[in-house]
Amino acid sequence: MIPSIEFCGIEVSRLILGGNPFSGFSHQSPERDAEMVNYYTTARIKDALGRAEAAGINTSVLRSDGHIERILREYYNEGGRIQWIVQIGDRPEEFAGAVGRAVSLGAKAAYIHGGMGDKAYLEQDFDILAQLLGHIHEHGIPAGVGSHAPRAHRWVYESDLAVDFHVVSFYNCGSLHDGKGEKFRAEDPALACEVIREIQRPCIGYKIMGAGRVAARDAFEFAFANIKPSDCVNVGMYLGDNENMVEENAAMVSEILASTG
């Protein structure tokens, strides 16, 4: 079984199932996006969630849009139990409503989308982050901040914002990228892990495979060797490439964590 940790009062498996492939966000090409959308019907998304549960993955990070909310409602009504940490990327004026809908569906924690975290850092706007975190805390669940850039996470961590956890991209592929060369740069994961170790709060590392650019074993071994024992990784899985990907990833993570203690 995959080891789990206490994460802001929730028991969370150290491997989390990500939702980008479910919504067609490949970070590769428009053609790849369309392929994922065409593959991931409602039935296939529910099947992926069920297979994750059976493999020992007890948590999924999914968006807060109507598409995902509808699927989760069906999944839970049919007996599914996977925990939902919700990523909220709605406009500030719609954020509170999105939190409320997610909590009504059973979301266990929520965080501000990495693009919003990037924008707040770029504008040095603590007030908007405080407002959005407040909307989450009003519902009595843990509140986190996402960003693609290590410097944005340091900025948040050194503030007095009421942040329970950080969601840290291994690649600085968002709006704070410097614009030179590829957005998925080989040196980025080490920089991300450096800030993850500095942050004495639980962290979720994401894009650990560079959206399919890094082999799974290499990515898992690097991540678990370089994040804190109190942290998790969030990985999207496109079963259109390999229908056994969930089980293989779960077994791989179990093996790696067993060997590292």
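Here the sequence shown is numbered in the numbering used here, starting from 942 and rising by one per residue.
Glycine included, every Cβ here is placed at the ideal spot set by N, Cα and C.
Inset, instruction - Assuming Ile1053 contacts Ile1012 (C-beta within less than 8 angstroms), just tell me the rounded distance between them. - result: On the sequence shown, residue 1053 is found 112 positions in, with the first residue counted as 1. On the sequence shown, residue 1012 is found 71 positions in, with the first residue counted as 1. That belief does not hold up - the Cβ atoms of Ile1053 and Ile1012 are roughly 22 angstroms apart, past 8 angstroms.
Inset, instruction - Counting only runs of 4+ residues fully inside the stretch 1101 to 1175, write out the alpha helix (DSSP H) ranges in chain order. - result: Within the stretch 1101 to 1175, the complete alpha helix (DSSP H) runs of at least 4 residues are 1129 to 1139, 1157 to 1167.
Inset, instruction - Enumerate in chain order the residues of its own chain whose CB-to-CB distance from Gly965 is below 6 angstroms, with the five nearest sequence positions on each side excluded. - result: Residue numbering aside, residue 965 sits at position 24 when the sequence shown is read from its first letter. Excluding residues within five positions, the ones whose Cβ falls inside 6 angstroms are Asp974, Met977, Val978.
Legend entry - Tyr934 - partner residues in DSSP beta bridges: No statement about residue 934 is possible, as the shown extent of the chain runs from 942 to 1202 and does not include it.
Legend entry - Residues sharing a beta bridge with Val953, DSSP: For the purposes of this step, residue 953 is taken as residue 12 along the sequence shown, with counting starting at 1. DSSP lists Ile946 as partners of Val953.
Legend entry - Beta-carbon proximity check, Ile1145 vs Asn1175, cutoff 9 angstroms: Residue 1145 sits at position 204 when you count from the first residue of the sequence shown. Residue 1175 sits at position 234 when you count from the first residue of the sequence shown. In this structure, Asn1175 lies closer than 9 angstroms to Ile1145 by Cβ.
Inset, instruction - Measure from the alpha carbon of Tyr1112 to the alpha carbon of each residue in Lys1124, Phe948, Gly1020, Ala995, then state which is nearest. - result: Taking the sequence shown and counting its residues from 1, one reaches residue 1112 at position 171. The shortest Cα separation from Tyr1112 among Lys1124, Phe948, Gly1020, Ala995 belongs to Lys1124.
Legend entry - the stretch 1093 to 1111 contacting the stretch 1126 to 1144, beta-carbon criterion three pairs below 8 angstroms: Yes, the stretch 1093 to 1111 is in contact with the stretch 1126 to 1144.
Inset, instruction - Give the single residue among His968, Tyr1017, Arg1022 whose Cα lies nearest to the Cα of Glu994. - result: Indexing the sequence shown from 1 puts residue 994 at position 53. Comparing Cα-Cα distances from Glu994 to each of His968, Tyr1017, Arg1022, the minimum goes to Arg1022.
Inset, instruction - Grab the span of the alpha helix (DSSP H) containing Arg1004 for me, first residue to last. - result: As a position in the sequence shown, residue 1004 is number 63, starting the count at 1. Careful: Arg1004 lies outside any alpha helix (DSSP H), inside the beta strand (DSSP E) at 1000 to 1004.
Legend entry - DSSP state of Gly1021 mapped onto helix, strand, coil: Residue 1021 sits at position 80 when you count from the first residue of the sequence shown. In this structure, Gly1021 counts as coil in the three-state DSSP scheme.
Legend entry - Range covered by the alpha helix (DSSP H) that runs through Asp988: Residue numbering aside, residue 988 sits at position 47 when the sequence shown is read from its first letter. DSSP places Asp988 in the uninterrupted alpha helix (DSSP H) bounded by 983 to 995.
Legend entry - Inter-residue Cα distance where the pair is Arg1028 and Thr1201: As a position in the sequence shown, residue 1028 is number 87, starting the count at 1. As a position in the sequence shown, residue 1201 is number 260, starting the count at 1. Rather than Arg, the amino acid found at residue 1028 in this sequence is Gln. Roughly 30 angstroms between the two C-alpha positions.
Legend entry - Residue closest to Ala1090, alpha-carbon to alpha-carbon, out of Gly1075, Asp1068, Gly1056: The count along the sequence shown starts at 1 and reaches residue 1090 at position 149. If you compare the alpha carbons of Gly1075, Asp1068, Gly1056 with that of Ala1090, the shortest gap goes to Gly1056.
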